[in-house]
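Asks: Here's a structure for you.
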Amino acid sequence: MSLVLNFWLRVTALFSGFGEQFRAMNKWQRYSAYGLGVVALYLLPYWPDVPVLGQIVNTPGSQFETVLNDQVVIFVLIALGLNVVVGIAGLLDLGYVGFYAVGAYVTAILTSAHGNLPWLLALPIAVVISMLFGLILGTPTLRLRGDYLAIVTLGFGEIIRLTAKNMDWLGASRGISNIKKPPSMFGLKFGVLDAKPYFYLGLTMVFIVIFILHRLEYSRVGRAWVAIREDEDAAELMGVNTFKFKLWAFTIGAGIGGLAGVHYAGKVGFINPDNFPLQLSILFLAAVVLGGSGNMYGAILGGILVAYMPERLRNFSDKRILVFGIVLVLMMVFRPEGILPKRVGNEHKKRRAKSQEGEVAS
Amino acid sequence: MLLEVNDLHVFYGRIEAIKGISFTVGEGEIVTLIGANGAGKTTTMRTISGVRTVAQGSIKFEGQDITKMAPHDRVKLGICQAPEGRGIFPGMTVRENLDMGTYVRGGNAAEKAADLEHVFHLFPRLQERITQLGGTLSGGEQQMLAIGRALMSRPRLLLLDEPSMGLAPMLIAQIFEIIKQINSEGISVLLVEQNATQALRTARRGYVLETGHVVKEGSGQLLLDDPAVRAAYLGG
Amino acid sequence: MPDWLIIRTFWELTVTGLALGSIYALVALGYTLVYGVLRLINFAHSEIFMVGTFGALLASSQFLSIPLLEDGNYPYRTGMTLIIFLVFIMLIAMLFSGIGAVVLERVAYRPLRGNGDAFGAIVLAFLTTFIVSLVFVDQAKINVIIALLATAPISYAYMRFFKQGRKAPRLAFLISAIGASTAISEAVGVWSKHGRDQYQTPRLLEKKTLFTMFGTDVRIDYAIVIVGALLMMTALTLFVNKTRLGRGVRAVAQDAETSRILGVNVDLIIIVTFALGGVMAGGAAMLFTLVYDQTRFNIGFILGVKSFTAAVLGGIGNLKGALLGGLLLGLVENYGSAIFGGQWKDVIAFVVLLVVLMFRPTGLLGESLGKARV
Amino acid sequence: MKKSVLRVGASMLVLSLVGVACGGSDDSSADACEGNSKIAFFGALTGEAGNLGINIKKGLDLAVAQHNEANPDAQIDVEAYDSQGDPDQAPALADKAIADACVKGIVGPAFSGESAAVNAKFEEAGLPLITPSATNPALSTNGWDVFHRALAGDDKQGPGAASRIVADGKMKVGVIDDNSEYGKGLADIVQTSLGDKAVELNSLDPEAADYSAVITAAKDAGVDAVFFGGYYAAAGKLAKQMADAGVTAQFYSGDGTLDVGFIEAAGPAAEGAILTCTCAPKDSNPEFLKAFQDANKGEDPATYAAEAYDAASVFLAAMKDGKTSRGDILKFINSYDAAGVTKQLNWDEAGEVTGSAVYAYEIKDGAIKGLGLIK
C-alpha cells in the first residue's frame, strides 16, 4: 500500500543521510571524497561508455557531452547565480534571463558585431557589464517588495530581449553570428564539433563560482543576506542596510548570469533574441526552487535536473513538457523546500557555535 | 459542565506548547487562565476555537466531543472568541465588523437589529463610530468592537483573550465591568489575562498556567490570597 | 495641430484599446482576488482563461452546432436569439473556467497549505502513475488505464502524507503554479494530433458598426466586450460587498486567523475566491473569442502576463485597481504602438508599469481587497 | 557508515575511468558504420512548429521508401532529429547526428534559426546537408561547403512578390512584418523592391491577440494592398482582423503563410489572398503528387514536401552511385545536375540552387491554388 511513500521516504533519507555522513567525516576523508568527486565530474563525458551506468545516464537521441555543456553546465551556472538572488537574499526575480542575455550579447558585440576582441578579454568585460546592469536595474526596483519585484524584473527581462530584437545595432532579429570561441589552452582545442573542452571550461567556471559563493555566504555579507531573507524588517531594525545588501545580491547574481551568457555565446557562436525568451526565466526559477532554494547544492541539483531530464526523456517526445509541469507540482506538494532544502537548523547551530567561540576568544 | 478540557496537548511545529492541561468552565461561570508570556494561554484559547489542532486529549462542550470539530461548527454551537490583539478587520466599517459576528448564525434582519441594539447598549461608543473603518479606531474602541462582535454571534461561551492588553487603567476597569454584566446575562466566560489581579477578582475560579502545565487551580479569592501566586503574578 | 498618426487615429485606437483592456481587466480580477486572499501569484490563472476559450469553442461549435465558416449571413441570430446564444456560451465558458480554477486550487495549492484532501490526493496520484507509466509505454490509452488502476493505493499513501499537514513556503506555491500552468497548456497541446493548432471559433454575429462616435465607427463586438466587462465587474463588486460569502472573502483577505475564529470556513472562502476569479476569466474568454474568433493551447501565456501587469499597475489585491490597470494597459499599448511601432508595444507597457511603481510602489490605487473599500 | 560516501565516490571514479578506457577503444572503430546507411531529418516534429517538419519528413520518407522498394539489398534508414525548431536544443542533436557514422546526409535543418546555430558543425564534420525550407539569404554567405538549399532564398522571393504586386496594379502597399528573422527579412526585401510604392507600417507581435494598432495605421494610410512577412498563424489573424475592420486592401504574403492553417485562421477573409513561394505547387509534378497521395492515405503533399523529396533523392542517387563516405557524397552533390520533381537540381558555389523560380498562389474557395510562375 504505502510502498511508494516508503520508497520516497527512503530516497529522501538517502539524501539527508548523505549530508550527515559527510559532515561527520574527518578532514582528509572529506577532502579525498571531494577530490574523487571532482575527478569523476571531469570524466562525466565518458560515463555513457561505462557498461551499466552509461545506459542510465546517456541521453537517447542527443549527444551526451553536448547536453552536458549546452544544457546542464549553463543551467547549473544560472541556478547558482539565481540562487544568490532568490534563495539567499529572498528576491523573487522573474527576469533573470535578461542578465544571461546581456552576458551573451556583450560577448557577441565585442568579439564579432562591433569589435574584434578575443573571447578571453570579452569575458571579464561582459561579466562586469552584466553586474552593471544588475546595479542599474536593481537600484530603482529593489525598493519594491516581493511580488511587485517579480513583475518588474519580468518586465526588465522582456525589455532587454525586445530591445535586442528591435535594434539593428544589436543585430535585431537576425542575431549576431561568428562570435569568437575561447582560445586553445591546456591542450584543449575549442572547436565546433567536440563539446568536451567547453564542458571542462564550464565545469571549471562552476567550481570557481561555488568557491566564491562559499566565501561570500560565510562572510558578513552572507549573514546579512540570510537575515534579510528571514525577516527583512527585523534585519533593518538590527542596523543591516538591507537595500545595500540586496543590491549586492542582485549584482552578484547578475554577474554569474552574465558569465553563463558568455560561455553560451562562446560555445554556439551565434545568438539571436529568441534564445532568451521569458519562459526561460521561469524555467531558471523552477530549477532553483526544485533543487532547494537557498542551498547552493540544491540549486545545482535543480539546474541539472531541469536541464537534463527533458533530454533524458526524449522518448516521451511531445509529452516532455507536460511531464515536467506535473513533476513540478508533485515536487512542490511533497517536497516544498526542494530536493535538498537549506539546512537552517545546522547553519544556525554552526553560527552560534562560531559566535560563542568568538566571545571566548575576546 | 459547559466546557471540559481534558489532558490537552498541542504542538507548534515540533515544540509542544501545551503539555497536558485540564480544566472546566461551568454554566454561567467566569473562569480565568492566568500565567506569564509563553505559558500557553493563547494557544489554549485558539485550540478551543478550533484553529489549532489537538495532538492528544479532548475538548467537550455540553458533553459533546468537539476535539476535531471545524471552527465554524464550534461557533454554531455557541463558542465565540474575541481574540488576542482584537483581530479587527481594518478595512471594514464598525458595522461590517459587527456583522461578521453573525456570519455563521445568519439570522433575520430583526434579530440582527436587536443584537446590534444590545451591543450598542453595552458599548455606546461603537454606535458613534458606526461608519468608521475598524483600522481607525483607538485601542479601547477596538477591544469593545471585538467583544461586541463576538456577542453578535449569541455565544453560550465567550472566550476573551487578553481584553485588557494595552489599555489605560480606567478603560480596563470599564471592560471588566462589562464582562461581569455580560456574564450576568447568562453567558459563560473564559478569560485569559496577564492582568491577574483584575482577572481573579472578576472570575469565580482560576487556573494558573506555567510552560504548558496547570500548576494551581482554585476559586478566584483563594488564588488571590495564595502567596506563591501573589509573588509570581500579582507583583508581591 | 500636428498630423501625427496617433492624433489622426486617436479615437479608433481608444475604442480598440478599451476593448482589449476590458479583457485584461477581467483576467486581472482573477489575479487580484487570489492575491488578496492568499497573497499568491496564481500563475496558472492564464491557463484558466485558456480553458474558458475552449469552453466557449465547445459551446458554440458542439452544443449550438454553429458552423465555422459563414458567408456573411446570420439569419437566425438576431435580437433575443442572439442574446440567449451569447449568454449561454458565456455561461459554459464560465463553467469551464470556474471548475478549472477550483480543481487547480485543490490539486496544486491546497496540499501546499497543509490541508490536502481526498480529491487532491486522487488527482495527484493519477498524475503520478500516469507519468511513471510513460517511462514504460507511450500510448495515451494504456497510460490512462495503468494510471487508473494504480491510483487507489497511491492516493491512500498521499492522504496519509497530507495528514501530516505540512505547510510549504511561499515560493513553493509559485513554482507549483508555474508547474500547473505548464501542465494545463501542454495537456491541451498534446490532447490530439492537432492539439497545437490554432482553433477557430465560430462567428456569432456580424461585426458591423453599431454607432459612430467622434468620427470613429464602434463595432458591435467591441461594444459588447466593453459593456459586458463592466457589467461583470459590477456584479463582482456587488457580490463581494453585499453577500455573506463576499463578506467572508473580504474578511479572509484582511485577517484569515480572526476570520476562522469567527467561524468563517476559510477553505470554502478560498474555493469561492478561485471560483470567482475563474468565472471572470471565463467571461473574459468568451468575450475574447467573440472579437478574435480563435484560440490556441498557449493563448493564455502572453495575455496572462499582460493581465498580471495590469493587476499590479492598478494595485494588486484591489478590484477597482484591476479595472483601472486593465483599461490603462490596453490604451497604453495601442497608443504606444501607434507612436513607436508595434514592435515596441511590450517595452512601452513595461516601462509604464515601472514608472508607475517608482512613484506609487503599491500600484495606482494601492493594495488590498478590504483596505481601499472595494 | 562514514566511509560509504568515500566508497560511492571511489566507485564512481573507477567507473568513469573504465569509461575512458572503453571510450578510447570505441573511438578508433567509430568511423565504420555497421548496418544500413541513414539519411537524417533535422527540424521540428513536435512543438509549436511541428506541422512544417512533419510535411518535410513525409517527403523524405516517401523518397526513401521508393528507394528501398527498388533496391531490396541496399536498404536506407531514416533517422529523425526533432529539434522543435529550437536553436538551443539543436546543437546536441547535431552532434549526435555527426557522431552516428551511419548518417550520410541531412535533409534540413528546417528553420533558418537552427541552421545558423548548427550548420557550422556539419561543415566541420563534412556532413552534407540539403535544406528543403530554410530560406534566409544569409545562410549561403558563410562559405559552408556542405550547405545546399533545395529552393531559392528570400532574396529571390522578395523581388518576385514585389513584381507580382506591381503587375496587379497596386500603387500603395503597406508592408507589415512579424519582427521575426524570416518575416522581417522578407518584408524588408519586398519593401526595397517596391520602392516608393511601399508604405512601412512597422511590425506586429505575432503572439499578441490584437493587431488593431497596425490595422488602424493601414487604414489611415489608405493602402490598396498589404504585404505581410511572417508565418501563417499571424497572417490569418491579420487578414481576418483587417477584413473585420473594413480594410479592403489586397492581402499578399510569402511562403511562411502558404499553409492551410492560414485559411483556417482567416476564414472567409483569406479568399483572394495572394501568396508567393519559391516552392513548387503540389500539382507541378503529377507523378509525385500521385505517389505521395498513395503513400499518405490520399493526403496532398503540403508545403516543402516536394522539396524534401528532391533533397532526399539527391542523397539516394549518390548512394546508388556507390558513394558511401560523407566526403564522396558531398562531392557527388556538388557536381549533381539533374531534374527533380520541383526544378532542375544543380547548385552553385554558395549552395544556392540554380534552376529556381518564384511561384504565386491564390486562396480560392477555401483552398490553395497555384497561379504559376511569376515572370
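Chains D, F, V and Z are the protein sequences, given in the same order. For the first sequence, the numbering used here begins at 108 and goes up steadily by one. For the second sequence, the numbering used here begins at 874 and goes up steadily by one. For the third sequence, the numbering used here begins at 930 and goes up steadily by one. For the fourth sequence, the numbering used here begins at 1135 and goes up steadily by one. Don't be surprised by glycine CBs; every beta carbon is placed ideally from N, CA and C. As the structure is a computational prediction, the values presented were derived from the model and not from experiment.
Looking at chain Z, which residues of the segment 258-289 of chain D have a Cβ within less than 8 Å of any of its Cβ atoms?
Replies: Cβ contacts with chain Z: K272, N273, A279, S280, R281, G282, S284.
Asks: Pull up the CB-CB distance for L392/D and L201/D, whole angstroms please, since I reckon it's below 8 Å.
Replies: The Cβ separation is near 7 Å, so the contact holds.
Asks: Taking all protein chains shown into account, do 16 or more other C-beta atoms lie within 10 angstroms of the C-beta of G452/D, making it buried, or fewer, making it exposed?
Replies: Since pLDDT at G452/D reaches only 48, below the 50 mark, its modelled position is unreliable, and the value read off the structure follows with that caveat. Per the 10 Å Cβ criterion, exposed.
Asks: Compare the beta carbon distance of V1333/Z and A1321/Z with 8 Å and say whether it is the shorter of the two.
Replies: Cβ distance not < 8 Å, so V1333/Z and A1321/Z don't count as in contact.
Asks: Any heavy atom of the ligand GTP closer than 7 Å to the CB of I1508/Z?
Replies: What this structure holds is no ligand at all, so the ligand GTP is not there to describe.
Asks: Going by the DSSP bridge assignment, what does G1079/F pair with across the sheet?
Replies: BP columns for G1079/F point to T905/F, G1091/F.
Asks: Can you tell me whether L150/D is helix, strand or coil according to DSSP?
Replies: In the structure shown, L150/D sits in coil (DSSP, three-state: anything other than H, G, I, E or B).
Asks: Going straight from the alpha carbon of L429/D to that of P380/D, what length do you get?
Replies: About 25 Å.
Asks: Determine contact between the segment 1090-1100 of chain F and the segment 1216-1230 of chain V, defined as no fewer than three beta-carbon pairs at a distance below 8 Å.
Replies: Segments in contact, no.
Asks: Taking only beta-carbon positions, decide if A943/F is within less than 8 Å of chain V.
Replies: Interface residue, yes.
Asks: Between which two residues does the beta strand (DSSP E) carrying K1168/Z extend?
Replies: Per the sequence presented here, residue 1168/Z reads as Glu, with Lys not at that position. Taken as a continuous stretch (DSSP letters only), E1168/Z belongs to no beta strand (DSSP E), as it is neither H nor E.
Asks: Pick helix, strand or coil for I1055/F, following the three-state DSSP scheme.
Replies: Helix.
Asks: Specify, as a first and last residue, the run of the beta strand (DSSP E) that F1361/Z falls within.
Replies: Note, F1361/Z: beta strand (DSSP E), 1359-1363.
Asks: For a contact meaning CB atoms closer than 7 Å, what does D1184/V contact in chain F?
Replies: Under the 7 Å cutoff, chain F gives G960, F962.
Asks: According to the Cβ coordinates, are G410/D and G445/D closer than 8 Å?
Replies: No.
Asks: When DSSP labels each residue in this structure, what does L1139/V get in the three-state scheme?
Replies: Of the three classes helix, strand and coil, the one that applies to L1139/V here is strand, per DSSP.
Asks: Just the C-alpha distance for L390/D and I258/D, rounded to the nearest angstrom, thanks.
Replies: Cα to Cα, L390/D sits roughly 16 Å from I258/D.
Asks: Return the first residue and the last residue of the alpha helix (DSSP H) that Q1000/F is part of.
Replies: Taken as a continuous stretch (DSSP letters only), the alpha helix (DSSP H) holding Q1000/F covers 997-1001.
Asks: Just how far apart, CA to CA, sit A1158/V and K1249/V?
Replies: The alpha-carbon atoms of A1158/V and K1249/V are separated by roughly 13 Å.
Asks: With distance defined between alpha-carbon atoms, name the residue in I952/F, T966/F, G1039/F nearest to A1023/F.
Replies: With distances taken between Cα atoms, A1023/F lies closest to I952/F.
Asks: Would K272/D and N1336/Z qualify as a contact pair, given that the criterion is a beta-carbon distance under 8 Å?
Replies: Contact flag unset, no.
Asks: What are the uninterrupted segments assigned as alpha helix (DSSP H) that are 4 or more residues long and contained completely in the segment 214-248 of chain D, given in chain order?
Replies: Here the runs fully enclosed are 226-248.
Asks: What did DSSP end up calling N1116/Z once you bin it into helix, strand or coil?
Replies: Because chain Z here runs from 1135 to 1509, residue 1116/Z falls outside it and cannot be looked at.
Asks: When the Cα of L1031/F is compared with those of S895/F, I888/F, G901/F, which residue comes out closest?
Replies: Among S895/F, I888/F, G901/F, the Cα nearest to that of L1031/F belongs to G901/F.
Asks: Taking 8 Å as the cut-off, does the segment 344-360 of chain D touch the segment 216-233 of chain D (at least 3 CB pairs, one atom from each stretch)?
Replies: Short answer: they don't touch.
Asks: Sort out for me which residues DSSP pairs S1337/Z with in a bridge.
Replies: BP columns for S1337/Z point to D1311/Z.
Asks: Mind listing the chain Z neighbours of N379/D? Cutoff is C-beta to C-beta under 8 Å, in chain order.
Replies: Residues of chain Z passing the Cβ test: P1221, G1247, A1250, E1315.
Asks: My assumption, with CB atoms under 8 Å, is that H59/D sits in contact with I181/D. Please give the rounded CB distance.
Replies: A query on residue 59/D cannot be resolved here, the shown segment of chain D reaching from 108 to 469 and no further.
Asks: Keeping to the same chain, check which residues put their C-beta closer than 6 Å to that of A1180/V; ignore five residues upstream and five downstream.
Replies: For A1180/V, where only same-chain residues beyond five positions count, the Cβ hits under 6 Å are S1188, V1193.
Asks: Give, in chain order, every residue of the segment 1236-1268 of chain V whose Cβ lies closer than 7 Å to some Cβ of chain Z.
Replies: So the list reads N1263, S1266, A1267, given in the order they occur along the chain.
Asks: Taking 8 Å as the threshold, find out whether the segment 1258-1276 of chain V comes into contact with the segment 984-994 of chain V through three or more Cβ pairs.
Replies: Verdict: no, contact absent.
Asks: Applying a beta-carbon distance threshold of less than 7 Å, which residues of chain Z neighbour L949/V?
Replies: Going along chain Z in sequence order, the residues near L949/V (Cβ under 7 Å) are D1344.
Asks: Using a Cβ-Cβ cut-off of less than 8 Å, give me the residues of the segment 173-198 of chain D that come near chain Z, in sequence order.
Replies: Under the 8 Å Cβ criterion, the segment 173-198 of chain D contributes T173, V174, D177, Q178.
Asks: Report the partner residues of A1183/V according to the DSSP bridge assignment.
Replies: In the sequence under discussion, the amino acid at residue 1183/V is Gln, which differs from the Ala named in the question. In DSSP, Q1183/V forms no bridge with anything.
Asks: Where does R427/D land, buried or exposed, given buried means 16+ other C-beta within 10 angstroms?
Replies: With 16 or more Cβ atoms within 10 Å of its Cβ, R427/D is classed as buried.
Asks: For the segment 332-351 of chain D, list every residue whose C-beta sits within 7 Å of some C-beta in chain Z, in sequence order.
Replies: Answer set for the segment 332-351 of chain D: empty.
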